Amino acid sequence: MEDIITLMLLILLQAVLGFDNLLYISLESKRAPEEDQKRVRTLGIAIAIILRIVLLFVLVSVIKYFQKPIGEFEIEGIFHMNPNVHSIIVLLGGIFIIYTAIKEIWHMLGDHELDGVGGKKTSTSKIIVMIVIMNVVFSFDSILSAMALTDVFWVMATAIVISGIMMIWLSGHVAEFLKKNRMYEVLGLFILFVVGIMLLTEGGHIAHIKILGEEITPMSKTTFYFVIFILVVVDVVQGQYQKKLLKNQQKKALADNS
6 MEDIITLMLL ILLQAVLGFD NLLYISLESK RAPEEDQKRV RTLGIAIAII LRIVLLFVLV
66 SVIKYFQKPI GEFEIEGIFH MNPNVHSIIV LLGGIFIIYT AIKEIWHMLG DHELDGVGGK
126 KTSTSKIIVM IVIMNVVFSF DSILSAMALT DVFWVMATAI VISGIMMIWL SGHVAEFLKK
186 NRMYEVLGLF ILFVVGIMLL TEGGHIAHIK ILGEEITPMS KTTFYFVIFI LVVVDVVQGQ
246 YQKKLLKNQQ KKALADNS
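FYI, the numbering for the sequence shown is 6 to 263, going by my numbering.
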C-alpha cells in the first residue's frame, strides 16, 4: 500500500515538473512537416521514456559520480566554479533552450512566412533527437526528486512510464491549442526562455558558481510558476485591450463614413 501511495505522488510530481518539458516538445514538434508532427512527438517521448528508465538505473547505481566535483575553475575575485557532471548537463540544457527561444523569436520578427514556430521546417529525425536530448536534460530533476521519495526501482520506473504516456497525450492537445491560437506561440517562447533561465540558475547553483563573489541561487519552482502566471495574465489583458482598441477604431471609422 505504501508503494502505491508513493507511486501516485511520483506521478503527480512528474506531471508538475514536466510542464516545461511539455511546452518545449509542443513548440519543437511544430518545426516538423504538419503530417509528421504527431509521430515526432510520440516517437520522441517514447524514446525518451526508455532513456529515462536507463538514466534512472544509471543514477541509482552511480549517483555519487554525477555529484562528484570534476575540477575547480577560478578567476581571482571575478569568477569561481566547482562543477560536476549533473551541473554541466543542466547548464548546457539551459543555454540551448535560451538560444532556441531567442532564435525563434528573432525569426518571427524577420521577414518570413508564418508557417509554425520560426517559419521553417526541419527534418523529423533532427527534431526527434532534440526532443530526446532535452527530455533527458529535464529528467534529472524529476528522477532525483523521485529517488528522494523512494528507493524502489519499479515504483520510479512505473511513474516514468505513466507520466510519459500522459505527456504524449497532453503534447498533442498543447500543440493543437498553439496551432489554433497562433498569438500564444510568442508567449510560449518567452516561457521557454524563462525555463532556460531557471535551468541556468539551477546548474549554476549546483556548480557553486560565484560571479564577483556572489553565489548564484536557483530559481524556485514557486517563483517560476508565479512568473508564468504573470506572463499569461499580461498576455490576456493585452489581447483584450487590443481588441477593445480595434473595436473603438472600427466604430470611429463607421461614424466618420456616415
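Yeah, the Cβ is synthetic: ideal placement off N, Cα and C, and Gly gets one too.
Please read all numbers here as calculations on a predicted model, not as lab measurements.
- Residue pairing by DSSP puts GLU79 in a beta bridge opposite HIS85.
- Per DSSP, the continuous alpha helix (DSSP H) segment holding ILE235 begins and ends at 226-262.
- Between the C-alpha atoms of PHE143 and ILE211 there is a straight-line separation of about 15 Å.
- About 6 Å separates the Cβ atoms of ASP8 and VAL157, confirming a contact at the 8 Å cut-off.
- Taking 8 Å as the upper bound for CB-CB distance, LEU15 and MET161 are in contact here, some 7 Å apart.
- Here ILE221 carries a coil assignment [DSSP, helix/strand/coil].
- ILE216 sits in a strand when the DSSP states are folded into three classes.
- The C-beta distance from THR155 to THR47 rounds to 28 Å, too long to meet the 8 Å contact threshold.
- If the five residues before and after PRO223 are omitted, its C-beta is found closer than 7 Å to the C-beta atoms of THR206, GLU207, HIS210, all from its own chain and listed in chain order.
- Remark: three or more beta-carbon pairs, one from each stretch, lie closer than 8 Å, so the region 43-57 and the region 162-180 are flagged as touching.
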